[in-house]
Amino acid sequence: YPSLATNQDFVKALLYGGKLPSYKCTDSNKPVKCVAINVKGSQEISSKDALVSQVQAILQGVYENIKSGTALTPQQKGLIELTQPSVFQLISASAQQNIGIQSSYELAQSVATDLLAQYLANSLEVIRASLAGRDIGNAHEEKLFKNLQVAQQFVDNFNSESRARFNAALTTNQLVQNNVKQALNALNPILRQSYTGGAQ
Numbered sequence: 001y002p003s004l005a006t007n008q009d010f011v012k013a014l015l016y017g018g019k020l021p022s023y024k025c026t027d028s029n030k031p032v033k034c035v036a037i038n039v040k041g042s043q044e045i046s047s048k049d050a051l052v053s054q055v056q057a058i059l060q061g062v063y064e065n066i067k068s069g070t071a072l073t074p075q076q077k078g079l080i081e082l083t084q085p086s087v088f089q090l091i092s093a094s095a096q097q098n099i100g101i102q103s104s105y106e107l108a109q110s111v112a113t114d115l116l117a118q119y120l121a122n123s124l125e126v127i128r129a130s131l132a133g134r135d136i137g138n139a140h141e142e143k144l145f146k147n148l149q150v151a152q153q154f155v156d157n158f159n160s161e162s163r164a165r166f167n168a169a170l171t172t173n174q175l176v177q178n179n180v181k182q183a184l185n186a187l188n189p190i191l192r193q194s195y196t197g198g199a200q
């Protein structure tokens with residue numbers, strides 16, 4: 001069966017929510033051997049449970065905790081460890097200036113897409129490792145590895161595109177942050193303190 005990793009609806013549902021295409025074993029025998037498969041199955045992912053929404057909420061939590069001097073939660077630390085150091089640096093600088101996360105949705109979208117690309121690439125490696133040394137028959141093996149090659153090509157392209165968007169989002173965010181900083185510096189001290197709430 002074709003890899004769902006190359007299905008745009010699959011990727012879109014993981015990122016934003018919606019109907020997630022899926023394969024489902026329909027065997028009635030025990031143990032289930034997945035001989036009978038429903039290839040038109042689907043699951044529903046709500047927008048709040050999708051990657052972009054969750055990442056945005058976690059990044060906002062990181063911002064609030066840095067701003068208040070509160071320790072990051074394990075979930076927040078986990079996300080920061082999985083993404084580029086520049087994301088944490090950018091959020092830290094924004095929190096210190098008390099200006100909020102500029103273009104937070106676009107940043108969350110880029111981080112989520114980057115994480116999904118990493119996940120898909122890692123999944124393909126796990127599949128390859130689990131198939132190593134197994135005899136599944138020449139015909140099945142040829143078809144399976146052809147599907148894996150197609151999936152790998154898609155993931156490589158997806159990863160490259162997502163990283164480019166990710167870097168563009170960081171650059172835009174940094175530019176906005178710099179513009180806000182310059183505007184604040186142009187204010188007189190009283191107005192600046194009023195705007196930032198006393199943040200340095």
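The opening residue of the sequence shown carries number 1 in the UniProt record's numbering; numbering runs sequentially from there. Heads up, the beta-carbon is just placed ideally off N, CA and C, and yes, glycines get one too.
Reducing DSSP to helix, strand and coil, say where residue i ends up.
i, result
"Ser46", "coil"
"Lys40", "strand"
"Leu20", "strand"
Can you give me the Cβ contacts of residue i inside the same chain, cut-off strictly under 6 Å, excluding the 5 residues immediately before and after it?
i, result
"Arg165", "Ser110"
"Pro106", "Note on residue identity: the sequence assigns Glu, not Pro, to residue 106. Taken in chain order, the residues that qualify are Ala169."
"Ile45", "Ala13, Gly17, Leu20"
Residue i to residue j, Cα distance in whole Å?
i, j, result
"Ser92", "Leu116", "24 Å"
"Pro21", "Phe10", "6 Å"
"Glu81", "Pro31", "39 Å"
"Lys77", "Lys40", "37 Å"
"Gln60", "Leu72", "11 Å"
"Gln182", "Thr6", "44 Å"
"residue 233", "Thr171", "Nothing in the structure corresponds to residue 233, since the chain is present only between 1 and 200."
"Glu142", "Leu124", "16 Å"
"Leu4", "Pro85", "31 Å"
"Ile66", "Val87", "13 Å"
"Asn157", "Gln8", "13 Å"
"Ser160", "Gln96", "32 Å"
"Asn98", "Ser68", "10 Å"
"Asn178", "Gln89", "13 Å"
"Asn167", "Tyr119", "19 Å"
Is the CB-CB distance between residue i and residue j below 8 Å?
i, j, result
"Ser103", "Asn173", "yes"
"Arg134", "Leu148", "no"
"Ala132", "Gln56", "no"
"Asp114", "Thr70", "no"
"Val150", "Ala121", "no"
Can you say whether residue i is buried or exposed, counting buried as having 16 or more other CB atoms within 10 angstroms of its CB?
i, result
"Leu51", "buried"
"Val126", "exposed"
"Phe145", "exposed"
"Leu175", "exposed"
"Ser130", "exposed"
"Gln152", "buried"
Residues in its own chain within less than 8 Å of residue i by CB, not counting five upstream and five downstream?
i, result
"Ile37", "Tyr1, Tyr23, Lys24, Cys25, Thr26"
"Gly100", "Tyr63, Ser94"
"Ile58", "Gln75, Gln76, Leu79"
Can you list, in chain order, the residues of its chain with a C-beta nearer than 7 Å to that of residue i? Leave out the 5 residues immediately preceding and following it.
i, result
"Ser42", "Lys19, Leu20, Pro21, Ser22"
"Ala112", "Leu15, Leu51, Val52, Val55"
"Ser47", "Tyr16, Gly17, Ser53"
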